[in-house]
Amino acid sequence: MINKDGDMKIQDLIKQRILILDGALGTMIQEYGLEEKDFRNQSLADYTGQIKGNNDILNLTRPDIIMDIHKKYLEAGADLIETNTFSSQIISQADYHLEHLAREMALKGAQLARKAADEYSSEAWPRFVCGSVGPTNKTCSMSPDVNNPAARDITYNELFEAYYEQIDALIEGGIDAVLIETIFDTLNAKAAIDASLTAMNKRHVELPIMLSMTISDLAGRTLSGQTIEAFLASISSYPIFSIGLNCSFGARQMKPYLKELAQKAPYYISAYPNAGLPNSMGLYDESAESMAPQMAEFIDEGLVNIIGGCCGTTDTFIAKYAALAKGKCPHRVVEPSTTMWLSGLEHLNVTPEIGFVNVGERCNVAGSRKFLRLIKEQQYEEAIGIARKQVADGALIIDINMDDGLLDAEKEMVTFLNMIAAEPDIARVPIMIDSSKWSVITSGLKCVQGKGIVNSISLKEGEAQFIKRAQDVKRLGAACVVMCFDEVGQATTFARRIEIARRAYDILTLKVGFHPADIIFDPNILAIATGMEEDKNYAVDFIQAVRWIRSNLPGAHVSGGVSNLSFSFRGHNYIREAMHAVFLYHAIQAGMDFGIVNPASKITYSDIPTDQLEILEDVIFNRKQGATEALIALADRIKAAEEQQKGVGDLSHTVHYDTKKEEWRQYDLEHRLKYALRKGIATHLEEDLQEALKQYKQAVDIIEGPLMDGMNEVGELFGAGKMFLPQVVKTARTMKQAVSILQPYIEKQKALGASKAGKVLLATVKGDVHDIGKNIVSVVMACNNYEVIDLGVMVPVEQIVKKAIEERVDIIGLSGLITPSLEEMVNVAIEMQKAGLDIPIMIGGATTSRLHVALKIAPVYGGPVVWMKDASRNAPTASRLLNKTERGKYQKELDAEYEGLRAEYTSAQQKIISIEEARKNKLDLFGEDQFDS
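Heads up: the sequence shown is residues 1 to 933, going by full-length UniProt numbering.
(1) Strictly by DSSP, which residues pair up with Asn246?
(2) Excluding the 5 residues preceding and the 5 following Lys759 in the sequence, name in chain order all residues of the same chain whose CB lies nearer than 6 Å to its CB.
(3) If I measure Cβ to Cβ from Gly816 and keep anything under 6 Å in the same chain, skipping five residues before and after, which residues do I get?
(4) In whole angstroms, what separates the C-alpha of Arg103 from that of Asp46?
(5) Would you kindly work out how many angstroms separate the C-alpha atoms of Glu897 and Lys889, rounded to a whole number?
(6) Report all residues from its chain with a CB closer than 7 Å to the CB of Ala598; omit the five preceding and five following residues, and keep chain order.
(7) Under three-state DSSP, which class holds Lys108?
(8) Could you have a look at Cys480 and say whether DSSP puts it in helix, strand or coil?
(9) Between the alpha carbons of Met842 and Gly900, how many angstroms are there, rounded?
(10) Counting C-beta neighbours from all protein chains within 10 Å, is the total for Tyr73 16 or more, i.e. buried, or is it exposed?
(11) In angstroms, rounded to a whole number, what distance separates the CA positions of Ala878 and Asn827?
(12) Alpha carbons only, please: which of Leu25, Asn188, Ala191 is nearest the one belonging to Met67?
(13) Let me know if Ile14 comes out buried or exposed under the rule of 16 or more other beta-carbons within 10 Å of its beta-carbon.
(14) Taking the alpha carbon of Phe86 as the reference point, which residue from Thr61, Trp125, Ser132 has its own alpha carbon closest?
(15) What are the start and end residues of the beta strand (DSSP E) that includes residue 948?
(16) Reducing DSSP to helix, strand and coil, say where Tyr120 ends up.
(17) Of the residues Leu476, Lys437, Ile467, Trp438, which one's Cα is nearest the Cα of Gly450?
(18) Could you tell me which residues DSSP puts in a beta bridge with residue 936?
(19) Just to confirm my understanding: we take Thr659, look at its own chain, exclude 5 residues before and 5 after, and list those with CB closer than 7 Å. What are they?
(20) For Phe594, report the span of its beta strand (DSSP E) as first-last.
(21) Let me know the secondary structure DSSP gives Asn573 once reduced to three states.
(22) Does any heavy atom of the ligand MN sit closer than 6 Å to the C-beta of Ile243?
(23) Measuring straight from C-alpha to C-alpha, what distance separates Arg665 and Lys602?
(24) Is the number of C-beta pairs between the segment 342-359 and the segment 415-429 that are closer than 8 Å three or more?
(25) At 4 residues or longer, and completely inside the segment 391-428: list those alpha helix (DSSP H) runs for me, N to C.
(26) Taking Ala699 as the reference, which of Ala738, Thr734, Met711, Ala265 has the closest Cα?
(27) Could you spell out the range, first to last residue, of the alpha helix (DSSP H) harbouring Arg252?
(28) Using only alpha-carbon positions, find the residue among His515, Gln589, Ala590, Val582 that is nearest to Ala556.
(29) Could you round the C-beta distance between Ala191 and Leu223 to whole angstroms and report it? I think they count as a contact, below 8 Å.
(30) Can you tell me which of the three DSSP states Asp185 falls into?
(31) At what residue ranges does the segment 172-234 contain a whole run of the beta strand (DSSP E), taking only runs of 3 or more?
(32) Grab me the residues of Asp790's own chain with a C-beta within less than 6 Å of its C-beta, minus the 5 sequence neighbours each way, in chain order.
(33) Might you give, ordered along the chain, the residues of its own chain that have their beta carbon closer than 7 Å to the beta carbon of Asn712, omitting 5 neighbours on each side?
(34) Bridge partners for Glu787 per DSSP, in chain order?
(35) Count the other C-beta atoms from every protein chain shown that fall within 10 angstroms of the C-beta of Val205, then say buried if there are 16 or more, exposed otherwise.
(36) Would you mind sorting Ala908 into buried or exposed? The rule is 16 or more other CB atoms within 10 Å of its CB.
What follows is the structure in structure tokens.
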């Protein structure tokens with residue numbers, strides 16, 4: 001096979017025979033007896049530092065010697081010669097203050113090797129140049145400071161830039177392959193691979209990427225702690241040509257690890273060991289004659305495609321190896337795995353036999369208040385303890401999320417990942433990097449030497465952005481979760497789920513080059529039993545989608561955030577865990593093989609009593625009318641039994657009402673109205689409201705009085721976990737019925753002027769496609785007689801401001817579930833201020849908080865900005881905001897509250913000092929100063 005220029009490539013020759021790589025450059029250089037002056041040329045004449053030992057500078061100062069060495073190896077029979085550029089990058093050259101010459105060394109080194117190879121090449125025997133890229137003298141995965149595990153001498157980005165300059169120069173100089181060698185830290189190697197692919201792409205060339213790792217101990221791990229299998233998993237996303245072992249060991253000590261590599265790596269295999277182990281004087285005792293039989297074993301047992309020599313070897317060794325390999329059969333490359341390979345320090349092969357992959361969920365600031373508090377307070381050791389417990393409890397992967405409006409998510413992600421890299425019992429498992437900000441995900445991937453998972457990418461911003469992010473995932477060596485979102489929005493039906501999954505799968509496998517096994521679909525586990533009709537089929541549609549994906553998209557996996565399913569029953573742990581257990585039982589049978597769950601959950605499918613199981617399955621499969629109500633009743637019974645057992649009553653005074661035989665009807669009118677609203681009982685609304693109309697001067701006073709009091713109670717109970725989402729929705733509907741009864745009287749009395757309580761504009765801000773929460777707010781507000789204008793999802797600020805002005809709205813509600821939404825909300829407030837608006841803004845969504853509003857949004861806007869804890873509070877808050885008397889008072893309350901929050905936050909931040917400062921302030925128990933002489 002000949003290329004377009006008539007020249008054979010390494011890829012062609014390696015299929016024909018075992019290739020011979022050259023031996024050590026450093027060992028050969030020593031034979032020339034060079035002195036300090038040999039390492040200098042005219043431009044370095046005034047250089048004051050010691051250069052001897054910096055062999056790469058010889059490309060510039062003594063190119064004749066380097067050329068001579070290349071020719072000796074070619075004469076000895078080498079098919080492949082390495083450039084003298086092992087340290088030709090700015091990081092290693094910084095030790096000599098020669099960073100400015102690094103690129104020139106690399107370029108010249110490639111040109112010298114190219115010239116030598118071309119001189120010895122013929123059509124019958126082509127010779128090739130491998131651009132040598134060493135690991136540098138820094139590590140991305142380990143701390144240089146035993147007291148600070150998060151510290152790093154160098155970052156991925158710094159290493160990438162150094163490698164890019166070197167490899168770009170090597171390509172310009174004419175190399176045939178990139179040889180990334182003596183790998184002791186896989187993260188360093190990933191940066192080199194990334195730089196290689198980037199440089200090739202920019203120069204429009206494709207060259208083989210050869211990797212060679214070094215084992216640091218007899219346990220068979222790299223210096224950074226990875227096993228061979230874990231290393232293979234870490235680089236499995238890349239287009240690797242060959243992989244092998246060099247340095248550290250002689251052939252005899254290397255053999256068992258080479259065997260393992262040959263059995264498991266789907267690449268050509270290389271081996272170039274040292275001339276034995278160094279003796280007590282640092283010299284190598286093995287000779288070409290003693291090494292030859294050991295290398296013959298590699299060849300005869302079919303372990304290698306490429307052999308050569310490392311430290312201590314010379315052209316004499318290579319001549320022996322070339323003779324041994326002549327006419328022998330090369331290693332037969334094993335077939336690539338069809339399963340997903342993931343890794344931390346150890347390998348996780350996601351085979352059908354492994355069953356369900358439990359992804360630990362507790363290292364997520366959005367899902368664990370404790371974890372959020374620990375990160376905010378920089379209590380990292382305790383936060384690490386949560387990760388450790390997750391692994392101990394059975395998590396095979398750890399999900400890490402730092403998305404919070406008041407955290408620097410990128411900084412915290414990097415800090416935490418660097419810290420757990422120093423914890424072998426945690427670092428052994430793969431990491432799932434979970435964020436809504438792409439910069440957080442890429443920064444996280446650049447801290448992980450293993451092969452982790454990105455959570456997540458989607459088509460919500462279009463195909464071009466999807467491809468770009470998928471390419472980022474691939475070049476940074478990860479698998480990914482693909483959410484079933486597209487430009488239209490979130491998939492909630494079976495048809496939409498499979499439509500998006502098929503489209504994404506085809507793009508990833510056909511356009512991006514993803515291995516199908518590296519794709520994990522998340523078809524959206526959504527909350528069921530919410531009381532809303534459209535939610536009833538969410539679970540059964542998800543399970544059907546799982547079955548379809550596993551049958552129709554070969555190799556792909558399916559995952560989901562299981563806790564979303566039971567969101568309606570937050571605060572009721574038993575019901576939530578039981579729902580999860582039943583759902584997982586059926587979803588796993590359908591083919592769901594990943595899931596973000598709490599590994600410490602104690603309830604299993606078989607633990608659930610038959611009567612409860614029937615109710616739970618009725619809800620999950622939407623197979624019976626009234627299933628949600630039956631589940632609510634079950635939750636109430638269990639809750640009551642738990643409280644009775646504890647001897648603790650309900651925190652709300654209203655629970656003392658006895659619903660049996662409608663004894664609550666004996667209470668006074670206000671209590672009856674509030675109770676009816678809280679319980680969602682409309683049976684007696686007509687008669688109670690007629691009675692109320694006799695007691696209150698205006699019909700609107702009934703709404704703003706007992707009915708709003710009831711809504712406030714609902715909000716408090718929901719916030720305390722004493723009410724569930726379907727109950728809140730039911731309350732809203734009861735409120736709507738009450739308003740409809742009162743509406744004719746309101747219009748007649750013209751107490752509200754118009755037929756509506758006010759006009760509300762709702763929007764999920766730009767960059768966010770989540771709308772479940774916003775839709776609930778819409779229902780609640782409409783039920784409370786507000787005219788709702790819903791702009792949908794991913795709404796740009798210009799559209800929000802324009803529509804608010806055109807429609808003369810009374811209130812704007814902004815929703816967002818992901819961290820970037822918080823920044824966009826600030827942007828909306830700024831633009832509204834510029835437009836001269838003072839319309840009240842209500843802020844809601846999972847990532848939002850009162851503190852974020854106080855610190856970031858309220859200061860940039862002149863009108864009221866109110867954080868809404870949950871949907872039940874929107875109507876009473878809107879009532880206050882639109883009441884002329886109440887609004888000014890409410891604004892003052894908000895201003896005072898926000899000022900207090902800002903002061904507390906500033907004070908808390910001042911108390912948290914850096915670790916360096918803390919060490920400076922350490923207690924001097926022994927009065928160290930007294931020992932000074």
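Backbone N, C-alpha and C fix where the C-beta goes; we use that ideal spot for every residue, glycine too.
On the basis of the supplied data:
(1) The sequence position of residue 246 within the sequence shown is 246, counting from 1. Paired residues: Tyr272.
(2) In the sequence shown, counting from the first residue as 1, residue 759 sits at position 759. The answer, listed in chain order, is Glu787, Val809, Asp810.
(3) Within the sequence shown, residue 816 is the residue found at index 816, counting from 1. Only Val765, Asp768, Gly845 meet the Cβ criterion.
(4) Walking along the sequence shown from the start, residue 103 turns up at place 103. Walking along the sequence shown from the start, residue 46 turns up at place 46. When rounded, the distance between both Cα atoms is 21 Å.
(5) As a first step, residue 897 is located in the sequence shown; it is residue number 897 there, counting from the start. As a first step, residue 889 is located in the sequence shown; it is residue number 889 there, counting from the start. If I take the Cα positions, the gap works out to 12 Å.
(6) Position 598 of the sequence shown, counting from 1, holds the residue named residue 598. The displayed chain sequence assigns Asn, not Ala, to residue 598. Cβ within range, chain order: Glu361, Arg362.
(7) One-based indexing of the sequence shown puts residue 108 at position 108. DSSP places Lys108 in helix when its eight states are reduced to three.
(8) As a first step, residue 480 is located in the sequence shown; it is residue number 480 there, counting from the start. If DSSP states are grouped into helix, strand and coil, Cys480 belongs with the strands.
(9) By one-based count along the sequence shown, residue 842 stands at place 842. By one-based count along the sequence shown, residue 900 stands at place 900. Straight-line Cα distance between these residues: approximately 20 Å.
(10) If you number the sequence shown from 1, residue 73 lands on position 73. By the 10 Å Cβ count, Tyr73 comes out buried.
(11) The residue you call residue 878 lines up with position 878 of the sequence shown. The residue you call residue 827 lines up with position 827 of the sequence shown. A straight line joining the alpha-carbon of Ala878 with that of Asn827 spans about 22 Å.
(12) Your numbering for residue 67 matches position 67 in the sequence shown. Nearest option by C-alpha distance: Leu25.
(13) For the purposes of this step, residue 14 is taken as the residue at position 14 of the sequence shown. When all chains shown are included, Ile14 counts as buried.
(14) In the sequence shown, counting from the first residue as 1, residue 86 sits at position 86. Nearest to Phe86 by C-alpha distance, out of Thr61, Trp125, Ser132, is Ser132.
(15) The structure shown does not extend to residue 948, since the chain is modelled only from 1 through 933, so no value can be given for it.
(16) On the sequence shown, residue 120 is found 120 positions in, with the first residue counted as 1. DSSP places Tyr120 in helix when its eight states are reduced to three.
(17) Sequence index remark: in the sequence shown, residue 450 carries index 450 (1-based). If we check each option's Cα against that of Gly450, Leu476 comes out closest.
(18) The shown model of the chain, from 1 to 933, leaves out residue 936, and the question about it has no answer.
(19) As a first step, residue 659 is located in the sequence shown; it is residue number 659 there, counting from the start. With a pLDDT of only 36 at Thr659, under 50, the local geometry of the prediction cannot be trusted, and no value is derived from it.
(20) Against the sequence shown, residue 594 aligns to sequence position 594. Unbroken beta strand (DSSP E) run through Phe594: 594-597.
(21) The sequence position of residue 573 within the sequence shown is 573, counting from 1. The answer is helix: DSSP assigns Asn573 an H, G or I state.
(22) Of ligands this structure carries none, so the ligand MN is not represented either.
(23) Sequence index remark: in the sequence shown, residue 665 carries index 665 (1-based). Sequence index remark: in the sequence shown, residue 602 carries index 602 (1-based). Those two C-alpha atoms are separated by around 42 Å.
(24) yes
(25) 409-420, 424-427
(26) By 1-based counting over the sequence shown, the position of residue 699 is 699. Nearest option by C-alpha distance: Ala738.
(27) On the sequence shown, position 252 is the one that residue 252 refers to. Per DSSP, Arg252 belongs to the alpha helix (DSSP H) from 251-264.
(28) Against the sequence shown, residue 556 aligns to sequence position 556. Ranking His515, Gln589, Ala590, Val582 by Cα distance to Ala556 puts His515 first.
(29) Taking the sequence shown and counting its residues from 1, the one referred to as residue 191 is at position 191. Taking the sequence shown and counting its residues from 1, the one referred to as residue 223 is at position 223. Not a contact, Cβ separation roughly 16 Å.
(30) For the purposes of this step, residue 185 is taken as the residue at position 185 of the sequence shown. Looking at Asp185 - three-state DSSP - the assignment turns out to be coil, as it is neither helix nor strand.
(31) 177-183, 209-213
(32) Position 790 of the sequence shown holds residue 790. Taken in chain order, the residues that qualify are Leu762, Ser778.
(33) Taking the first residue of the sequence shown as 1, we reach residue 712 at position 712. Taken in chain order, the residues that qualify are Pro876.
(34) Taking the first residue of the sequence shown as position 1, residue 787 is located at position 787. Answer is Lys759.
(35) Numbered from 1 along the sequence shown, position 205 holds the residue referred to as residue 205. Counting Cβ neighbours within 10 Å, Val205 comes out exposed, since fewer than 16 surround it.
(36) As a first step, residue 908 is located in the sequence shown; it is residue number 908 there, counting from the start. Classification of Ala908: exposed, given that the 10 Å Cβ count is below 16.
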